[in-house]
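Have a look at the structure below, then the notes.
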Amino acid sequence: SHEMRSPLTAMLGFLEFVLENEVDDTQLKEYHTIMHKEAERLNETITNLLDMQRLKAKLHENNFKPLEVRPLLEEVVAIFDNPAAKHSIIVAAPANLPPIFGDDELLHQALRNLLSNSIKYSPEGSKIVLDARREDTCVTLWVQDAGMGIPSESVDRVFDMFYRVEGAARRQITGTGLGLALVKEIASAHNGQVWAESRLGQGSTFYISLPLVGNDTGEATAV
Numbered sequence: 100s101h102e103m104r105s106p107l108t109a110m111l112g113f114l115e116f117v118l119e120n121e122v123d124d125t126q127l128k129e130y131h132t133i134m135h136k137e138a139e140r141l142n143e144t145i146t147n148l149l150d151m152q153r154l155k156a157k158l159h160e161n162n163f164k165p166l167e168v169r170p171l172l173e174e175v176v177a178i179f180d181n182p183a184a185k186h187s188i189i190v191a192a193p194a195n196l197p198p199i200f201g202d203d204e205l206l207h208q209a210l211r212n213l214l215s216n217s218i219k220y221s222p223e224g225s226k227i228v229l230d231a232r233r234e235d236t237c238v239t240l241w242v243q244d245a246g247m248g249i250p251s252e253s254v255d256r257v258f259d260m261f262y263r264v265e266g267a268a269r270r271q272i273t274g275t276g277l278g279l280a281l282v283k284e285i286a287s288a289h290n291g292q293v294w295a296e297s298r299l300g301q302g303s304t305f306y307i308s309l310p311l312v313g314n315d316t317g318e319a320t321a322v
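Count along the sequence shown from 1, add 99, and you get the number used in this note's numbering.
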């Protein structure tokens with residue numbers, strides 16, 4: 100509730116101040132900018148919470164099936180491919196990877212969250228790569244960016260619910276700490292794993308490992 104109440108409290112505070120005091124145009128524009136950012140943060144929190152609830156409901160449907168890896172990555176990238184795109188997004192995964200076993204919609208959600216996260220924390224014009232490789236009984240997919248990177252003490256916590264890395268530069272970016280947590284839940288539902296590697300100022304790589312067809316270790320686990 101704190102994650103929803105905090106931006107709402109901030110917006111109400113600024114609105115009350117504007118209503119009760121004379122504010123010049125410059126100050127009013129500044130307050131509008133802050134309130135807009137807080138509204139975006141609240142909207143993102145609500146969206147991610149709804150996605151989490153949808154995930155829990157969808158797990159009971161068990162719509163798992165064989166999925167080709169490269170087409171899956173290409174479909175996700177296509178969502179972000181538009182004339183206004185400010186990053187170069189590349190799918191480097193080989194076409195001959197064996198199929199994974201999973202829910203198409205849920206894995207789209209996980210990969211969208213990973214890609215969206217990399218876009219958010221990477222400079223405009225930089226390259227983001229989606230790749231994959233086979234490893235024994237699973238396929239590991241990853242999203243690699245050239246963003247600001249993550250401090251070593253925070254790398255193991257980025258998939259925790261509501262966790263956000265501290266830093267002045269990051270405070271300027273809207274986030275809720277739910278997007279990567281949702282990726283972890285989806286991976287867990289597929290009997291998979293997630294982890295990250297990163298170096299400050301050099302970028303990050305986010306991994307999701309998923310079982311091959313015939314190597315899943317049981318039905319989807321409840322979240």
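Each residue gets a CB set at the ideal place from its N, CA and C atoms; glycine is no exception.
Handout entry: N- and C-terminal bounds of the beta strand (DSSP E) containing Val254
Key = Translated into positions along the sequence shown, residue 254 becomes position 155. Here Val254 belongs to no beta strand (DSSP E), and DSSP marks it neither H nor E.
Practice task
Classify Ala268 as helix, strand or coil using the three-state DSSP reduction.
Solution key: Translated into positions along the sequence shown, residue 268 becomes position 169. Note that Ala268 has pLDDT 46, beneath the 50 cutoff, so the model's placement of it is unreliable and the number below is only indicative. Reduced to three states, the DSSP call for Ala268 is helix.
Handout entry: Identity of the residue in Thr146, Ile133, Leu309 nearest Val238 by Cα
Key = Here residue 238 is taken as the residue at index 139 of the sequence shown, counted from 1. Selected option, being the one with the closest Cα: Leu309.
Exercise for the section: Please classify Phe116: is it buried, with 16 or more other beta-carbons within 10 angstroms of its beta-carbon, or exposed? Expected result: Within the sequence shown, numbered from 1, the residue matching residue 116 stands at position 17. The residue in question, Phe116, is exposed, as its Cβ has fewer than 16 Cβ neighbours within 10 Å.
Handout entry: Residue range of the alpha helix (DSSP H) that includes Phe179
Key = On the sequence shown, residue 179 is found 80 positions in, with the first residue counted as 1. Start and end: 168-179.
Handout entry: Burial state of Ala267 (16 or more Cβ within 10 Å)
Key = Here residue 267 refers to the residue found at position 168 when the sequence shown is read from its first residue. Residue confidence for Ala267 is low, a pLDDT of 40 falling below 50, so the modelled location carries little weight; the figure read from the coordinates is stated next. Exposed.
Practice task
Go ahead and label Ala114 buried or exposed: buried means 16 or more other beta carbons lie within 10 angstroms of its beta carbon, across all protein chains shown.
Solution key: If you number the sequence shown from 1, residue 114 lands on position 15. Reading off the sequence, residue 114 comes out as Leu, not Ala. So Leu114 counts as exposed.
Problem - Cα-Cα separation, Leu118 to Thr132 - result: Looking up residue 118 in the sequence shown gives position 19. Looking up residue 132 in the sequence shown gives position 33. Answer to the nearest angstrom: the Cα atoms are 16 angstroms apart.
Practice task
Determine contact between the stretch 285-302 and the stretch 238-252, defined as no fewer than three beta-carbon pairs at a distance below 8 angstroms.
Solution key: yes
Exercise for the section: Please confirm whether any heavy atom of the ligand ZN lies closer than 7 angstroms to the CB of Ile218. Expected result: With respect to the ligand ZN, the structure shown offers nothing to examine, as it has no ligands at all.
Exercise for the section: With a threshold of 16 other CB atoms inside 10 Å of the CB of Asp259, please say whether the residue is buried or exposed. Expected result: Counting from one through the sequence shown, the residue named residue 259 turns up at place 160. Its Cβ having fewer than 16 others within 10 Å, Asp259 is exposed.
Problem - Three or more C-beta pairs below 8 angstroms linking the stretch 279-294 and the stretch 150-163 - result: yes
Exercise for the section: Could you name the residues of the same chain whose beta carbon sits closer than 8 angstroms to that of Tyr130, not counting the 5 residues immediately before and after it, in chain order? Expected result: For the purposes of this step, residue 130 is taken as residue 31 along the sequence shown, with counting starting at 1. Cβ neighbours of Tyr130 beyond the five flanking positions: Phe113, Phe116, Val117, Val122.
Handout entry: Three-way DSSP call (helix, strand, coil) for Arg232 in this model
Key = Stepping through the sequence shown from its first residue, residue 232 is reached at position 133. In the structure shown, Arg232 sits in a strand (DSSP, three-state: E or B).
Problem - Between the CA atoms of Ser297 and Ser251 - distance to the nearest angstrom - result: The residue you call residue 251 lines up with position 152 of the sequence shown. The residue you call residue 297 lines up with position 198 of the sequence shown. Ser251 and Ser297: Cα-Cα distance of roughly 7 angstroms.
Exercise for the section: Would you tell me roughly how many angstroms separate the C-alpha atoms of Arg263 and Asn120, rounded to the nearest one? Expected result: The count along the sequence shown starts at 1 and reaches residue 263 at position 164. The count along the sequence shown starts at 1 and reaches residue 120 at position 21. Roughly 34 angstroms separates the two Cα atoms.
Handout entry: As assigned by DSSP and simplified to three states, the class of Ile249
Key = Position 150 of the sequence shown holds residue 249. In this structure, Ile249 counts as coil in the three-state DSSP scheme.
Practice task
Count the CB pairs spanning the stretch 194-209 and the stretch 165-172 that are closer than 8 angstroms, and state whether there are at least three.
Solution key: yes
Problem - Helix, strand or coil at Gln301 [DSSP, three-state] - result: The count along the sequence shown starts at 1 and reaches residue 301 at position 202. Gln301 falls in the coil class under three-state DSSP.
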